[in-house]
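Those protein sequences? They're chains D and F, same order as listed.
Each residue of the first sequence is one higher than the last, beginning at -18 in my numbering.
Each residue of the second sequence is one higher than the last, beginning at 46 in my numbering.
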Amino acid sequence: MNTEAELLSAVCKNKDISTLLADNVDEIFTSHKDIWDSLKSYYYKFKAVPEVGILMERFKDFEPVETKAETGYYLDKLKNEYLTGRLKNIIIQSGSALKEDAATRVLGDLQSKLSQLSKFTNHVRDVDVTDIELAEKHFLAVKERSSIMGGAPGILTGFDAIDKAYPTGMAPGHLIVAIGWPGRGKTWFTSYLACKAWEQGFKPMIVSLEMSPENMRDRIYTMMGSGLFRASDFARGDVDVDTFKSWGQKRFEKKNGFILVSNEGMGEVNSNTIQGKIDQHKPDLVILDYHQLFSDNKRSTGATERNMNVSREFKMLAMTNNIPVIDITAATMDDITDQDAPPMLSQVAWSKAIEYDADMAIAIHKYTDTNMIEVVSRKNRHGQDFNVFLDWDINRGIIKEIYENPFANDASKN
Amino acid sequence: MANEKQPYILISLYETLYKERYSKAPRINKFREKWAMQDVIDSVGFDRAKDLLIYYFKTSKSGHPLSFFFYNFDKIDYLKSEKEKDEKHRRLLLQATKELVEGGSE
């Protein structure tokens, strides 16, 4: 039985291509390399894993296999076969070389080839900067992904300022940290990013430990309605059911899912729980609201240690699932903070962990008694820093970007 | 060295700010607190001490006791300086972002 066919069949059945994308497996496909490439292209273009029948239509000689186990099982099996084959080859070639070449040179060559294989036996990836061919392959893959996804390898935010300053978009493996003082627009802003991702055809998943799923859904409807509905009407249940139904049918027809997860304030949620939800729903973007309410897998009791661990575990979630993760976090309140401007990175207790783990850190701040939300980058590993004001009618879901200081003449906000 | 009147001016300012915030007068002994306030002025200057006092009432410290200000004015001064630097930085970034978006460059 062909293990490559087994692995591809398992991916189509389990719909978890991220297991392979996260592991950089291009090299281990040989007989079915063209099918694997096609599967990837399909996924990048349609944000979904195709049914196995699609691959059979496209590749007449492809014979799918009935699979029962997880995709990871077949991946390990294929890796093992690949390693066995490569190892045998290397040993035979070295044996032959010993007849003609000096032992030291053969040993050096052997060590070099073996070290290349080690990338399949551990989870630490390495690249050789001088390996131009490998770099070229990577650039071509990124270019292909970008062209299929509308210009960026990741998910665009829908804000001109952010998309220009963060040209990769919210790319697979990125941890984006959204910082803000309590009640200053973090959840609204990140929910909006989820809506924008959904509009582009991606499947977002918001894990909220703060709000009920119904509450969060009202917010999403308000933003998607762009002025059609008011958040306050949803809160009162004051909605014309027919208008809402007809809008909903048009808006959601033949679209990806948009998942809201909540623990209703009960029970402990850690990254293992989130991994379970990722396995269940296979989202393209995960938003975790908010950091301080999650537990770490070690169940640390100290707040700073727990928060640092959670930060690291969220980064791992992004990396292993090959999806962007947005971590919403409240800045640390103390007696000498005033909370009247976007928090600085130093105003988060575990700011060092954010500096290490985050690809992007954004501070979000809604000014009291105004519609103005300031969004400023505090760290951007993939572009330049930015700052933008959003004139946001939260109740009606209408947003406008502003590049001038709206408080230039207001001393109380400067 | 602060002049004789300066500490009393700031203590009066504290009383005003306190009344605005809590709608009642604070219970303080001006003549005793004068010496601590003089130390604050000697450390950062009268104008900065006045700014810090005003800023102190924007912080989330419950009750805004004067003693807390005396013990923490250096930390408040540091944080306020950082915030002022950040304010300038954010205005520059706003300008740069405007150019990035409207100029179409990347």
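Note that beta-carbon positions come from the ideal geometry of N, C-alpha and C, so glycine has one too.
Here the structure is a predicted model, which means the values were calculated and not measured.
In terms of CA proximity to residue 252/D, 292/D leads the group 292/D, 261/D, 164/D, 217/D. The beta-carbon distance between residue 342/D and residue 188/D, rounded to whole angstroms, is 19 Å. This is too long to meet the 8 Å contact definition. If you look at residue 91/F, you'll find it in the alpha helix (DSSP H) that goes 91 to 101. Around the beta-carbon of residue 233/D, fewer than 16 other beta-carbon atoms lie within 10 Å, marking it exposed. When secondary structure is reduced to three states using DSSP, residue 341/D falls in the strand class. Taking residue 212/D as the centre and dropping the five residues before and after it, the same chain places the C-beta of 199, 200, 203, 375, 376 closer than 7 Å to its C-beta, in chain order.
Just so you know, the alpha carbons of residue 8/D and residue 117/D end up roughly 15 Å apart. The beta carbon of residue 208/D sits closer than 7 Å to the beta carbons of 377, 378, 379 from its chain, once the five residues preceding and following it are set aside; these are given in chain order. A direct Cα-to-Cα measurement between residue 127/D and residue 82/D gives close to 47 Å. Rounded to whole angstroms, the gap between the alpha carbons of residue 381/D and residue 353/D is 10 Å.
Cβ contact annotation for residue 194/D (same chain, cutoff 7 Å, sequence separation greater than five): 241, 243, in chain order.
When the alpha-carbon of residue 55/F is set against those of 69/F, 133/F, 141/F, 101/F, the nearest one is in 101/F.
Judged by beta-carbon spacing, residue 134/D lies within the 8 Å limit of residue 149/D, meaning their Cβ atoms are closer than that value. Per DSSP, the unbroken alpha helix (DSSP H) holding residue 50/F starts and ends at 50 to 67.
Interface flag for residue 170/D against chain F is unset, since no Cβ pair is found closer than 8 Å. Leaving aside the five residues that flank residue 334/D on each side, the residues in its chain whose CB is nearer than 8 Å to its CB run, in chain order, 288, 289, 292, 293. As computed with DSSP, residue 346/D is found in a beta bridge with 355/D. Contact between residue 338/D and residue 363/D does not hold, since the beta-carbon distance rounds to 14 Å and is not under 8 Å. At a cut-off of 8 Å between C-beta atoms, residue 66/F does not count as an interface residue with respect to chain D. At the C-beta level, residue 152/D and residue 366/D stay beyond 8 Å of one another. Residue pairing by DSSP places residue 243/D opposite 189/D in a beta bridge. Taking 8 Å as the threshold, the shortest C-beta distance from residue 93/F to chain D does not fall below it. When DSSP states are grouped into helix, strand and coil, residue 319/D belongs to the coil group.
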